[in-house]
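This report refers to the structure that appears directly beneath it.
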Amino acid sequence: MRQHSAVVLAVLLVTSMVAVPVAGLAATDETGPAQTDDGTDENKTTDETANASVAPGERFAGVVGVQEAEIEGEVDERAFGIEVAKAGTNDSQKANAVTAQLGDIEQRLDRLEQRKQELNENRENMSEGRYRAEMSQVAARLETTKRLANQSETVSRSLPLDVLESKEINVTAIRTLQERASGLSGPDIAEIAREIAGPSVGGPPDDRGPDERPGRGPDRGPDQQP
Numbered sequence: 000m001r002q003h004s005a006v007v008l009a010v011l012l013v014t015s016m017v018a019v020p021v022a023g024l025a026a027t028d029e030t031g032p033a034q035t036d037d038g039t040d041e042n043k044t045t046d047e048t049a050n051a052s053v054a055p056g057e058r059f060a061g062v063v064g065v066q067e068a069e070i071e072g073e074v075d076e077r078a079f080g081i082e083v084a085k086a087g088t089n090d091s092q093k094a095n096a097v098t099a100q101l102g103d104i105e106q107r108l109d110r111l112e113q114r115k116q117e118l119n120e121n122r123e124n125m126s127e128g129r130y131r132a133e134m135s136q137v138a139a140r141l142e143t144t145k146r147l148a149n150q151s152e153t154v155s156r157s158l159p160l161d162v163l164e165s166k167e168i169n170v171t172a173i174r175t176l177q178e179r180a181s182g183l184s185g186p187d188i189a190e191i192a193r194e195i196a197g198p199s200v201g202g203p204p205d206d207r208g209p210d211e212r213p214g215r216g217p218d219r220g221p222d223q224q225p
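Everything in the sequence shown is counted per numbering that gives the first Met the number 0, starting at 0 for the first residue and increasing by one.
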């Protein structure tokens, strides 16, 4: 399955790069403005400070990395769906597909947890822009991992209990993986990812409107990009 995913990923990534808005590399915060004592917009001030700390090249690298993670996640979701569809009414084969994906999800979370820790430990030794760009990629991969876990849970709930037990599939364990992914992302990383690549980081690329592509805020037109 993974070899198939890698081939499809390469094709989709090359195709998608045409749609990456090189100039559109800024995102806006959808939350309401917070006013400071002197009447200034606190959110705007914070966003401007964060934006100023990210060089255009660093932001572009973050956008490309986020989109690659999203495409990879979409390919893996489709590959899993194909495996389940091929199984037809064979519940044992469906359970095998779930087992394989759960093992992959756990490995992903181990790698992402380690990567997050490495970035935080080395934050003082890299530019703030590079830290934000690379952490946004971690956030995107965590979101796609959560979607894969949700997909696994949906399929597992359709399987008979005896099949689940024979394959040692535990719905509670799946929820633990979902919670682990959510805990690793957290609001701080999600905020960094939105600032780098827009409001829908980690979502399927095909589901995005033109104003939700990585690097474009919802209120920016083509003439408003930096």
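We treat Cβ as the ideally placed atom computed from N, Cα and C, and that holds for glycine.
Pick from the options that is closest to residue i, judged by C-alpha positions
i       : options                               : result
Ile-168 : Arg-179, Ala-180 and Thr-153          : Thr-153
Ala-78  : Pro-55, Arg-58, Ala-60 and Ala-99     : Ala-99
Arg-174 : Ala-139, Gln-116, Arg-129 and Gln-150 : Gln-150
Leu-147 : Ile-104, Asp-90 and Arg-179           : Ile-104
Glu-178 : Ile-188, Ile-195 and Leu-141          : Leu-141
Val-162 : Ala-96, Asp-109 and Val-137           : Ala-96
Ser-184 : Thr-144, Asn-121 and Val-62           : Thr-144
Ala-192 : Gly-61, Ala-54 and Ser-52             : Gly-61
Glu-107 : Gln-66, Leu-160 and Ala-139           : A small fix is needed here, since residue 107 is Arg in this sequence, not Glu. Closest option to Arg-107, Cα to Cα, is Ala-139.
Gln-116 : Val-83, Pro-198 and Ile-188           : Ile-188
Arg-58  : Glu-127, Ser-155, Ala-180 and Ser-165 : Glu-127
Span of the alpha helix (DSSP H), counted from its first residue to its last, around residue i
i       : result
Lys-85  : 55 to 86
Glu-134 : In the sequence as presented, Glu is not what sits at residue 134; that position holds Met. From DSSP, the alpha helix (DSSP H) with Met-134 extends over 127 to 156.
Ser-91  : 90 to 120
Three-state secondary structure assigned by DSSP to residue i
i       : result
Lys-166 : coil
Val-200 : coil
Ser-52  : coil
Pro-186 : helix
Chain B within 9 Å of residue i, Cβ atoms only
i       : result
Ser-126 : The structure shown has no chain B; it contains just one protein chain.
Assumed close pair residue i, residue j - CB separation to whole angstroms, cut-off 8 Å
i       : j       : result
Arg-131 : Ile-195 : 6 Å
Gln-113 : Gly-64  : So it is not a contact: roughly 17 Å between Cβ atoms.
Lys-93  : Leu-158 : 6 Å
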